[in-house]
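First comes the structure, then the notes that go with it.
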Amino acid sequence: MDGKSPSALLIVALSISATIAIWGIIDPQGLGSLAASAVAKQFDSRGWFIMLEASGLLFVALYLAFSRYGDIRLGPDTAEPEFSTPAWIAMLFAAGMGVGLLFYGAAEPLTHFEEIRKYTGDPKAAEYGLFVTYLNWGLHAWAIYGVVGLIIAYFAYRRGGSLLLSAPLTEALGTVWWVRILAWIFDLLSIVAIAVGLAGSLAMGVFQVQTGLAGLIGVSDPAILTIPVFVVMCIAFVIPLRRELGDGMAKLSNAAMMIAIGLLVYLLLLGPTSYLMNSIVSGLGRYTFGALPAGFSTAEFFDQGIVDWFQSWTLNYMIWWLAWSPFVGIFIARISRGRTIREFLIGVIIAPTLFSIVWFGVFGGLGIFDALRQEGALSTINNENLDATTFALLDRFPLSGITHTATIVAAFLFVVTSVVSAGFTLAMIGTGGNENPSPNIRTVWGGILGALGLAMVLVGDIAMVRSIIALSAIAFVFIVPVLVVCLFRSLRREERE
Amino acid sequence: MTGDLIDSILNVSVFAYVAFLVWLSCRPAP
Numbered sequence: 276m277d278g279k280s281p282s283a284l285l286i287v288a289l290s291i292s293a294t295i296a297i298w299g300i301i302d303p304q305g306l307g308s309l310a311a312s313a314v315a316k317q318f319d320s321r322g323w324f325i326m327l328e329a330s331g332l333l334f335v336a337l338y339l340a341f342s343r344y345g346d347i348r349l350g351p352d353t354a355e356p357e358f359s360t361p362a363w364i365a366m367l368f369a370a371g372m373g374v375g376l377l378f379y380g381a382a383e384p385l386t387h388f389e390e391i392r393k394y395t396g397d398p399k400a401a402e403y404g405l406f407v408t409y410l411n412w413g414l415h416a417w418a419i420y421g422v423v424g425l426i427i428a429y430f431a432y433r434r435g436g437s438l439l440l441s442a443p444l445t446e447a448l449g450t451v452w453w454v455r456i457l458a459w460i461f462d463l464l465s466i467v468a469i470a471v472g473l474a475g476s477l478a479m480g481v482f483q484v485q486t487g488l489a490g491l492i493g494v495s496d497p498a499i500l501t502i503p504v505f506v507v508m509c510i511a512f513v514i515p516l517r518r519e520l521g522d523g524m525a526k527l528s529n530a531a532m533m534i535a536i537g538l539l540v541y542l543l544l545l546g547p548t549s550y551l552m553n554s555i556v557s558g559l560g561r562y563t564f565g566a567l568p569a570g571f572s573t574a575e576f577f578d579q580g581i582v583d584w585f586q587s588w589t590l591n592y593m594i595w596w597l598a599w600s601p602f603v604g605i606f607i608a609r610i611s612r613g614r615t616i617r618e619f620l621i622g623v624i625i626a627p628t629l630f631s632i633v634w635f636g637v638f639g640g641l642g643i644f645d646a647l648r649q650e651g652a653l654s655t656i657n658n659e660n661l662d663a664t665t666f667a668l669l670d671r672f673p674l675s676g677i678t679h680t681a682t683i684v685a686a687f688l689f690v691v692t693s694v695v696s697a698g699f700t701l702a703m704i705g706t707g708g709n710e711n712p713s714p715n716i717r718t719v720w721g722g723i724l725g726a727l728g729l730a731m732v733l734v735g736d737i738a739m740v741r742s743i744i745a746l747s748a749i750a751f752v753f754i755v756p757v758l759v760v761c762l763f764r765s766l767r768r769e770e771r772e
Numbered sequence: 101m102t103g104d105l106i107d108s109i110l111n112v113s114v115f116a117y118v119a120f121l122v123w124l125s126c127r128p129a130p
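Residue numbers (our numbering), protein chains in the order written: chain A, 276 to 772; chain B, 101 to 130.
Next comes the structure, spelled out in structure tokens:
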């Protein structure tokens, strides 16, 4: 068998993913602590390069958007965008929303606030708490997604290749033996990163849903709900994976997004609205003028507590975005055919960033409001269990039974729709770019995602789950710049043609 | 003041990677 054929890719990718899953199920603590120590070592030593790359990708995106290359269309010159601009932006929001925003909306700014207030006064800690959250979820994150998505879209729709990460390599560098090997490795690593990243997302969803459900039905220990919640989620994603990916999944994902936006508006209206609007506007200003320099920060001159905090949040996020960039990149490429590079980059980077600023401004602003103006009980809950923060926040508002249920439903839908979409994407990559992979291959991937998800759930600790995701994606730190070089080579060639 | 030697070599090898990127971008078109 040809070592680089898609079927070999499929077998090797399935084997690696299954091995990680089995390892995690047999010895979750062993896998978690190995990943945590390996990742800590990488972050200690290569943190500077990761931050440099995240900032570099933002500059690449700005350059491409505002240079002459910005006029190039992602498709033939006569191509028209498939979706209207509002529908396209709504889909970008959906791609960026995910379960992470529900999970971290209040928890993350509050965690940063609590950490920073050990070193400085409360007002500064509150400002930085929001600022760091914006830095982690804002322009840099979307520049990573945007550039990877742009590369995938350009080579698939403009140059007529496939939607795989190997397409830019073979198109821009030819098909000599070492390029073919590199291309094969890129596809393999993107499969592993997608599978592990989505399994982590599945685990996060399980933690969130079990905590919410425990509060709703009055169970004191949420951990006893872990397996039932996990099993229900698995059943919920295996059924649609066996069927054709139609409008159904998109509708469910939109429903989850509408619920999330509903929660946002509800909290904004019923909460201290002017306080929240003030915090959003001042946060926006600080972020707009501080994002570029902060993207280069490495916290090197601070004491170990701050360095550890920086590594476990900002650095981890940058790796996290890189881990999900093939998956989100393929999704945003598929919905962006026919747009120009300028439209694509401005839409992909600015719109979701603004949304994140409002989202964290409201959820995080409420958490900080509680810490500064009230008794600070949310911080205590947040210190004990990050999963519980969103629900504890909702408890402070009327109709908390309804908002709890809505959050659980939204988390559930976000996870199920992402896993279904990931199952399709993995099957597509594993079969060499076939956009309609067979139901059996999709089901096998669903099973692997479920097993990996179970491993992550058993690891139990969200920090370790994040380390496993980071470890699976660390290669992308070195893959993405190669893809950028391929893009520039092809853009220059297109200019000469 | 002295750091881990292997780690230092790995860090410096990032420059070799950057050199590889430059070489890739300068290769003649296929």
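Backbone N, C-alpha and C fix where the C-beta goes; we use that ideal spot for every residue, glycine too.
Let's see if you can read the secondary structure: which residues bound the alpha helix (DSSP H) around residue i?
i	result
A:N553	548-569
A:I391	382-391
A:I754	751-771
B:Y117	105-126
A:P503	501-517
A:D583	579-585
A:A474	452-492
A:Y338	303-341
A:S600	591-609
A:A354	A:A354 -> no alpha helix (DSSP H), and no H or E assigned at all.
A:T655	652-659
Assign residue i to one of two classes, buried (16 or more other C-beta atoms within 10 Å of its C-beta) or exposed (fewer than that).
i	result
A:V506	exposed
B:A129	exposed
A:N711	exposed
A:W412	buried
A:T589	buried
B:C126	exposed
B:L105	exposed
A:R771	exposed
A:L385	buried
A:Q317	buried
A:I469	buried
A:Q579	exposed
A:S713	exposed
A:I723	buried
A:I286	exposed
A:G299	buried
A:Y338	exposed
A:G396	exposed
A:I419	buried
A:Y394	exposed
In whole angstroms, what is the alpha-carbon distance linking residue i and residue j?
i	j	result
A:I616	A:L733	43 Å
A:L766	A:T692	35 Å
A:G639	B:A116	42 Å
A:T628	A:A608	18 Å
A:L327	A:E355	36 Å
A:Y344	A:E769	10 Å
A:T450	A:H387	48 Å
A:I744	A:G475	7 Å
B:F120	A:V760	10 Å
A:T682	A:M524	18 Å
A:S572	A:A458	33 Å
A:R614	A:F341	15 Å
A:A750	A:G676	44 Å
A:S465	A:L641	37 Å
A:L516	A:A697	10 Å
A:M366	B:I109	44 Å
A:D277	A:P361	With a pLDDT of 41 at A:D277, under the threshold of 50, the predicted position of this residue should be treated as unreliable, though the coordinate-derived value follows. Taking the straight line from one Cα to the other gives about 46 Å.
A:V637	B:L124	46 Å
A:L376	A:S557	21 Å
A:F758	A:A598	Note that residue 758 of chain A corresponds to Leu in the displayed sequence, not to Phe. Each residue's alpha carbon lies about 15 Å from the other.
A:E650	A:P673	19 Å
A:L539	A:W634	7 Å
A:E575	A:I391	16 Å
A:V684	A:A566	34 Å
What are the partner residues of residue i, as DSSP defines its beta bridges?
i	result
A:R348	A:T615
Just checking residue i against the ligand NAD - is the residue's beta carbon closer than 7 Å to any of the ligand's heavy atoms?
i	result
A:W412	This structure lacks the ligand NAD; in fact it carries no ligand of any kind.
Complete runs of the beta strand (DSSP E) confined to the region 662-747 of chain A [at least 3 residues]: none
Within the region 400-445 of chain A, note down every full beta strand (DSSP E) run reaching 3 residues or more, in order along the chain. none
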